[in-house]
Amino acid sequence: MPEGSAFAARQAEADGGTDSQSPSPTFVLFGPGGAGKGTIAARMVEEDSRLWLSRSWTTRARRPGEPEDAYVFVDRPEFEARIEAGGFFEWAEFIGNLYGTPIADAGPERDVLLEIDLQGARQVRALRPNAVLVLLLPPSLEVQEARLRARGDDEEHIARRLAEGEEEERSGRALADHVVINHTIEQATADVASILAEHRAGGE
Ligand code: 5GP
Numbered sequence: 019m020p021e022g023s024a025f026a027a028r029q030a031e032a033d034g035g036t037d038s039q040s041p042s043p044t045f046v047l048f049g050p051g052g053a054g055k056g057t058i059a060a061r062m063v064e065e066d067s068r069l070w071l072s073r074s075w076t077t078r079a080r081r082p083g084e085p086e087d088a089y090v091f092v093d094r095p096e097f098e099a100r101i102e103a104g105g106f107f108e109w110a111e112f113i114g115n116l117y118g119t120p121i122a123d124a125g126p127e128r129d130v131l132l133e134i135d136l137q138g139a140r141q142v143r144a145l146r147p148n149a150v151l152v153l154l155l156p157p158s159l160e161v162q163e164a165r166l167r168a169r170g171d172d173e174e175h176i177a178r179r180l181a182e183g184e185e186e187e188r189s190g191r192a193l194a195d196h197v198v199i200n201h202t203i204e205q206a207t208a209d210v211a212s213i214l215a216e217h218r219a220g221g222e
């Protein structure tokens, strides 16, 4: 093996070696619903062409007004068939719906960003110990509740997500490498970007 690729190969091995030749670690944005993960992740990839955001599969119905490409929306049998076929890097059940990161090739030039829940973050940590896990938290329960309501979640889901959110914060803090509080989109995006820059291989 040529000397120049030794680091990449070592890193790919430490990284799980399955779907990426990128020497950067896998980046994970996780945290409770209403923290603003989706908005921050979208901003990150908009501002950074080297970053590749994995599009998850879900059995959840599309919310009114939610973009068609927010997820790959499938029914439960289709999702379960993909589990059987070993087609997910990780998957989890969250409030009655299945969510999963498909095994996909981001290409060697791209750094992978996953936007997932706590259970998914745990699986990524187990599969890729050098992954960089960033916990994103809302500044308060009130703000989180307002964000969930604004995006059209029904009341039952809001209550369940808030209850789950407390546990997600406790366990998430224990798991995370970094914690970012989403006071404003601009500040939180800048904070996450500087964390990525710190851990990236090969510089900008
Ligand atoms: P929502 O229904 O609000 O879009 O997502 C519910 C939760 O599932 C969020 O915490 C979201 O980050 C998480 N999620 C989205 N995609 C995935 C995925 O591929 N894997 C896992 N484990 N969680 C996901």
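First residue of the sequence shown? That's 19 in the working numbering, and the numbers climb one at a time after it.
No residue lacks a Cβ here, since even glycine has one placed at the ideal position from N, Cα and C.
Check                                                                                                                                                         : Outcome
Check whether the segment 45–52 and the segment 175–195 are in contact - that is, three or more C-beta pairs closer than 8 angstroms.                         : yes
Shorter than 7 angstroms from the beta carbon of Asp93 to some beta carbon of chain C?                                                                        : The chain inventory of the structure shown lacks chain C, comprising one protein chain alone.
Quick one: what's got a C-beta closer than 7 angstroms to Ala110's C-beta in the same chain, skipping five residues either side?                              : Tyr117, Asp135, Gln137, Gly138
Straight-line CA distance for Gly22 to Ala219?                                                                                                                : In this predicted model, Gly22 has a pLDDT of only 34, less than 50, meaning its place in the structure is not dependable; the value taken from the coordinates is given anyway. Cα to Cα, the separation comes out at about 13 angstroms.
Tell me the DSSP secondary structure of Val92 in three-state form.                                                                                            : coil
Within its chain, find whatever has a CB closer than 8 angstroms to the CB of Ala192; leave out the 5 residues flanking it on each side and keep chain order. : none
Is the CB-CB distance between Trp70 and Val130 below 7 angstroms?                                                                                             : yes
Hey, out of Thr207, Arg78, Ile113, Val92, whose CA is closest to Leu155's CA?                                                                                 : Thr207
So which of Arg80, Ala194, Ala124 has the shortest CA-CA distance to Val142?                                                                                  : Ala194
Give me whichever residues DSSP pairs with Ala110 in a beta bridge.                                                                                           : Tyr117
Per DSSP, what kind of secondary structure is Asp129 in: helix, strand or coil?                                                                               : strand
So the alpha helix (DSSP H) His196 belongs to, where does it begin and stop?                                                                                  : Here His196 belongs to no alpha helix (DSSP H); instead the beta strand (DSSP E) covers 196–199.
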